[in-house]
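Novice: Dumping the structure here so I can ask a few things about it.
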Amino acid sequence: MKTVGANALVVEGGAMRGIFSCGVLDHFMGQGFSPFDSFWGVSAGASNLAAYLANMPGRNRKIYLDYSLRKEFIRPAKFALGGDLMDLDWMWKITLEELGIDKRVLQADPRPFFLGVTRQDTGEAEYLTPHVDVLAETMKASSALPVMYRQGVELDGVHYVDGGVADAIPVAEAIRRGATKIMVLRSRPPRYRKTAPTFTALTKRLLKDHPALITPMLTRHVRYNEALELINTPPKGVEIIEICPPESFRLKRLSRDTASLEKGYDIGVVAGQEAIARWLR
Numbered sequence: 001m002k003t004v005g006a007n008a009l010v011v012e013g014g015a016m017r018g019i020f021s022c023g024v025l026d027h028f029m030g031q032g033f034s035p036f037d038s039f040w041g042v043s044a045g046a047s048n049l050a051a052y053l054a055n056m057p058g059r060n061r062k063i064y065l066d067y068s069l070r071k072e073f074i075r076p077a078k079f080a081l082g083g084d085l086m087d088l089d090w091m092w093k094i095t096l097e098e099l100g101i102d103k104r105v106l107q108a109d110p111r112p113f114f115l116g117v118t119r120q121d122t123g124e125a126e127y128l129t130p131h132v133d134v135l136a137e138t139m140k141a142s143s144a145l146p147v148m149y150r151q152g153v154e155l156d157g158v159h160y161v162d163g164g165v166a167d168a169i170p171v172a173e174a175i176r177r178g179a180t181k182i183m184v185l186r187s188r189p190p191r192y193r194k195t196a197p198t199f200t201a202l203t204k205r206l207l208k209d210h211p212a213l214i215t216p217m218l219t220r221h222v223r224y225n226e227a228l229e230l231i232n233t234p235p236k237g238v239e240i241i242e243i244c245p246p247e248s249f250r251l252k253r254l255s256r257d258t259a260s261l262e263k264g265y266d267i268g269v270v271a272g273q274e275a276i277a278r279w280l281r
């Protein structure tokens, strides 16, 4: 097990809701703020952290406000015919071609960057620290939500899906590895708690080809709310600084409204100012 230093940054996913943490991290870059020893990202949070560690402000803002809104990304008609709802292959290919990711800067940073993923064959969480050459595929795996992206992503012979299935906010793992001062960037307001799924029979049917994912998908709310309880009542000797969007933040996982997304980004930038102040207190 790779141990880490005292200071950690954990970034939740949430698809389009991740534009909030994108704004926070862009503000951090503008201020040259990076006092962390390790980084933990899940799904959209992992992609936002990659842009942060590559020191590319504005990169992911363009993804949220441009590429994510294009008709090639969300494909309801294709999904209805048995394909993927989200075309992650198209998204990763075009953004790497047109926006790039600064591998030189990423490789020069010695601090560990953990990407949360879920094994498709066991439903268990793993925390990968990939070489920069396979970072993009690992980010795709961390974002490959079952049902929406049906087959998962293969890495070294193992298929993985969205890290949020097994561990959406990997605070406990950061603590287990030695972190004692942790900033958590959320994508939900402070009072949010995840509820039990409604369409359990449908979920079981859609996941019949990957039965190990059924129980983790149906119990996501349990682990999610346990993580929030840990954030609110950390163990002795551990300080957790939680940065959330306000209760008025209403973005959905697949929000498509440009004005709402721009507002979510701007809220994140302002929250970034508060986050720095709280860390330095």
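Each residue of the sequence shown is one higher than the last, beginning at 1 in the working numbering. Think of the CB as a built atom: it goes at the ideal place given N, C-alpha and C, for glycine as much as any other residue. Given the structure is predicted, the values throughout are model-derived calculations rather than measurements.
Compare the C-beta of Tyr224 against all C-beta atoms of chain C and say whether one is closer than 8 Å.
Specialist: Absent from the structure: chain C. Only one protein chain is present.
Novice: Look at the alpha carbon of Tyr64 and the alpha carbon of Ile241, and state the distance between them as a whole number of angstroms.
Specialist: About 26 Å.
Novice: Out of Ala125, Leu145 and Pro112, point me to the one whose CA is closest to His131's CA.
Specialist: Considering only alpha carbons, the answer is Pro112.
Novice: Determine, using beta carbons only, whether Ala179 and Val24 come nearer to each other than 8 Å.
Specialist: No, these two residues do not count as a Cβ contact at 8 Å.
Novice: Give every residue of the same chain whose Cβ lies closer than 6 Å to the Cβ of Asp26, excluding the five residues on either side of it in the sequence, and list them in chain order.
Specialist: Closer than 6 Å at the Cβ level, and outside the excluded window around Asp26, lie Pro57.
Novice: Going by CA-CA distance only, name the one from Ile101, Ile182 and Ile169 that's closest to Leu53.
Specialist: For the residues Ile101, Ile182 and Ile169, the minimum Cα distance to Leu53 belongs to Ile101.
Novice: Could you check which residue in Gly45, Pro189, Thr95 and Leu207 has the C-alpha nearest to that of Pro120?
Specialist: The question names Pro, yet the displayed sequence has Gln at residue 120. Checked all of Gly45, Pro189, Thr95 and Leu207; the closest Cα to Gln120 is Leu207.
Novice: Less than 8 Å between the CB atoms is what I'm expecting for Gly18 and Ser255, so what's the real figure, rounded?
Specialist: So it is not a contact: roughly 11 Å between Cβ atoms.
Novice: Check Gly116 in the structure and name its three-state DSSP category.
Specialist: In the structure shown, Gly116 sits in a strand (DSSP, three-state: E or B).
Novice: Do Arg253 and Asp167 have their CB atoms nearer than 8 Å?
Specialist: Going by C-beta atoms, Arg253 is not nearer than 8 Å to Asp167.
Novice: For Tyr67 and Trp92, what's the separation of their Cα atoms in angstroms?
Specialist: In a straight line, the C-alpha of Tyr67 is about 10 Å away from that of Trp92.
Novice: Please give the ranges of any beta strand (DSSP E) in the region 140-217, keeping only runs that are unbroken, at least 3 residues long and fully inside the region.
Specialist: Fully enclosed beta strand (DSSP E) runs of 3 or longer: 153-155, 158-162 and 181-185.
Novice: Since Arg75 and Gly83 are thought to touch, with beta carbons under 8 Å apart, how far apart are those beta carbons, to the nearest angstrom?
Specialist: Indeed, because the Cβ distance is near 7 Å, the residues count as touching under 8 Å.
Novice: Indicate the three-state DSSP secondary structure (helix, strand or coil) for Met29 in the structure shown.
Specialist: Here Met29 sits in helix by DSSP.
Novice: Out of Met139, Gly268 and Leu85, which has the shortest C-alpha to C-alpha gap to Tyr160?
Specialist: Of the candidates Met139, Gly268 and Leu85, the one whose C-alpha sits nearest the C-alpha of Tyr160 is Met139.
Novice: Let me check one thing: in DSSP terms, what residues is Tyr127 bridge-paired to?
Specialist: In DSSP, Tyr127 forms a bridge with Gly116.
Novice: Met16 bridges to which residues according to DSSP?
Specialist: In the DSSP output, where bridge partners are listed per residue, Met16 has none listed.
Novice: What does DSSP give as the partner residue(s) for Trp40 in the beta ladder?
Specialist: For Trp40, which the question treats as bridged, DSSP gives the partners Val10 and Phe114.
Novice: May I ask you to report which of helix, strand or coil DSSP gives Glu239?
Specialist: In this structure, Glu239 counts as strand in the three-state DSSP scheme.
Novice: Whole angstroms is fine: what's the gap from Val4's alpha carbon to Ala77's?
Specialist: Approximately 45 Å, taken between the alpha carbons.
Novice: Between Val117, Ala51 and Ala136, which lies nearest to Gly30 when the distance is taken from Cα to Cα?
Specialist: It is Ala51.
Novice: Would you decide whether Gly237 is buried or exposed? Buried here means 16 or more other CB atoms lie within 10 Å of its CB.
Specialist: When all chains shown are included, Gly237 counts as exposed.
Novice: So what does DSSP say about Ile94, is it helix, strand or coil?
Specialist: DSSP places Ile94 in helix when its eight states are reduced to three.
Novice: Grab me the residues of Val269's own chain with a C-beta within less than 8 Å of its C-beta, minus the 5 sequence neighbours each way, in chain order.
Specialist: So the list reads Gly23, Val24, Asp26 and His27, once near-sequence residues are dropped.
Novice: In this structure, does DSSP put Ile74 in helix, strand or coil?
Specialist: Looking at Ile74 - three-state DSSP - the assignment turns out to be strand.
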